[in-house]
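Shown next, in structure tokens, is the structure this report addresses.
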RNA sequence: GCCUCUCUAGCUCAAUGGUAGAGCAGUGGACUUUUAAUCCAUUGGUUCUGGGUUCGAGCCCCAGGGGAGGCACCA
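Numbering (this note's numbering), first residue to last: 299 to 813.
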């Protein structure tokens with residue numbers, strides 16, 4: 299409702315378009331024409347936006363029920379179907395229309411003799427993009443096309459705006475992401491990508507339930523930043539007058555639940571990181587994190603393989619995916635290899651976080667790896683791994699044994715005090731998952747946090763804060779625990795075979811549209 | 001933040017610095033078994049925005065905006 303004080307309400311030359319302005323067929327004229335049809339329906343007592351429709355069959359139901367019909371058969375089997383008009387072929391006293399619902403498409407065989415002159419005229423006025431409900435019988439045409447022959451076609455919702463090109467669809471990537479609704483209407487690939495994403499998440503939930511994991515929800519608004527190494531979004535609560543951060547991870551909350559005795563928990567968590575946008579990064583993304591009491595990193599690597607392989611089978615019907623042109627069977631065992639071994643091979647120098655920092659710096663300098671003064675040997679080795687090896691890991695591989703310095707929440711390797719029992723899963727050069735034997739010693743955890751605070755004081759603005767409540771929780775005793783995080787978006791990219799994270803996020807972060 | 005590319009009708013795309021076009025969609029007409037239906041006719045433009053060069057700019061130059069890719073950032 300526009301108020302009388304609305305500055306635009308006095309001069310409204312373009313609000314009520316003059317009939318002359320509706321001439322032609324630009325967008326404005328097209329909308330005007332369709333609105334005219336809406337108005338005409340209302341004047342004749344028909345609702346162009348009725349409240350509901352009784353559907354007896356989805357279009358897939360019709361296909362599975364009658365798909366075997368020979369050409370040229372007319373049944374008397376009644377069906378009520380509904381969908382959006384995607385194509386229309388008008389051939390005089392017959393109209394062929396293709397409608398689509400979520401399950402598929404089917405042709406309407408609309409005969410003037412069957413529906414009558416008045417309704418046939420109304421059907422002629424339907425536009426591509428309109429939603430219709432149809433009561434009719436199932437038949438096949440002479441050429442064998444399975445069709446519904448309507449007794450009655452009812453407009454369920456009038457489309458005022460024309461659909462994108464019926465053949466070429468929508469290719470402009472900007473419009474595809476901004477107007478995802480239009481993308482989904484016309485682009486089969488877009489619908490498929492989100493179906494794969496859905497199947498992946500649904501599969502995860504089934505696998506996790508099978509293993510006795512409980513799904514939980516923990517806060518999105520965090521008073522402290524922790525659980526990962528990233529810059530947060532900051533926000534403010536008015537009545538509490540406190541600064542809050544959108545979560546960068548859910549790790550510290552889920553482990554509190556392990557302390558509480560919940561034993562096996564997971565969360566499919568929208569997570570936020572205040573970082574650049576790229577084909578692999580969206581500021582908000584989804585991680586599945588799980589924690590399993592009495593387990594360690596080996597248990598967690600096993601469940602990682604099971605989750606992802608099962609998800610591929612469920613979403614694609616196969617465990618074989620194509621990565622950079624190579625057929626990769628996810629069901630093959632995934633190799634495990636230490637980060638320091640990758641870095642050593644990549645540089646030709648035997649590297650270990652125990653070696654003198656000056657030696658590691660020399661290797662870094664030889665490989666053009668930038669080094670901050672505050673970095674220790676462990677951090678530099680990680681940089682060397684990323685520089686020399688990361689992008690060449692095509693097949694799913696667990697990179698293991700991250701240095702303690704870069705893993706403040708992971709437990710020290712039982713065989714090497716400089717490394718942790720940690721792994722990251724890499725596929726196609728991308729990190730897909732991260733997990734470890736969880737550090738549960740409150741005294742050591744405090745010391746690790748304090749080291750991190752030192753890094754923060756030295757200028758690392760991605761370091762977390764010292765979470766006293768988390769330490770308090772550990773002081774009550776956390777059982778030995780294995781933890782895991784899987785990037786759902788990146789996994790969906792892998793399974794869908796797309797190169798941009800925006801293809802698997804319905805509404806990716808974009809700058810606001812300018813008009 | 002930096003570099004490269006890109007932006008023309010609702011959609012998909014053309015247009016040597018010289019009158020902005022086509023297909024689809026739309027409109028009018030023909031057609032009772034079409035399949036992106038076909039056939040005839042036809043409407044539709046702030047060429048992203050603002051400057052500049054030029055007799056003349058969709059095209060060349062500058063600035064700005066959106067997007068994409070790459071780099072940087074990114075456990």
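Where a beta carbon is used, it is the ideal one built from N, C-alpha and C, also for glycine. All values derive from a computational prediction rather than experimental measurement.
Cβ atoms of residue 384 and residue 426 come within 8 Å of each other, at about 7 Å. Going by beta carbons, residue 492 and residue 446 fall outside the 9 Å limit. For residue 599, the uninterrupted alpha helix (DSSP H) segment begins and ends at 595-614. Inside the stretch 382-450, DSSP marks whole beta strand (DSSP E) runs of 3 or more residues at positions 392-399, 402-409 and 429-438, from first to last along the chain.
Contact check for residue 725 against residue 698 fails: the beta carbons are separated by 9 Å or more. A residue is called buried when at least 16 other Cβ atoms come within 10 angstroms of its Cβ; residue 369 does not meet this threshold and is exposed.
If only uninterrupted alpha helix (DSSP H) runs of at least 4 residues are considered, those enclosed by the stretch 446-504 are 471-476 and 478-484. A residue is called buried once 16 or more other Cβ atoms fall within 10 Å of its Cβ, and residue 676 is buried on that count. Within the model, the alpha-carbon separation for residue 514 versus residue 562 is close to 10 Å.
For residue 677, the uninterrupted alpha helix (DSSP H) segment begins and ends at 675-686.
Between residue 528 and residue 587, the CB-CB gap reaches or exceeds 9 Å. Counting of Cβ neighbours within 10 angstroms places residue 671 among the exposed residues, the total staying below 16. If the five residues before and after residue 769 are omitted, its C-beta is found closer than 8 Å to the C-beta atoms of 740, 743, 744 and 747, all from its own chain and listed in chain order.
In this structure, residue 719 and residue 734 form a Cβ contact; the two beta carbons are roughly 6 Å apart against a cut-off of 8 Å. Taking a C-beta distance under 9 Å as the contact criterion, residue 808 and residue 476 qualify as a contact pair. Each residue's CA atom was taken as its position, placing residue 468 and residue 411 some 37 Å apart.
In this structure, the straight-line span from the alpha carbon of residue 367 to that of residue 359 is close to 14 Å. Within the same chain, and ignoring the five residues on either side of residue 418 in sequence, the residues whose Cβ sits closer than 6 Å to its Cβ are 410. Residue 405 has its alpha-carbon roughly 28 Å from the corresponding atom of residue 340.
Here DSSP, grouped into helix, strand and coil, assigns residue 792 to helix.
With contacts defined by Cβ atoms closer than 9 Å, residue 778 and residue 738 form a contacting pair. The closest CA to that of residue 680, considering only 485, 364 and 636, is found on 636. Residue 532 sits in a strand when the DSSP states are folded into three classes. In the displayed model, residue 713 falls within coil according to three-state DSSP, outside both helix and strand.
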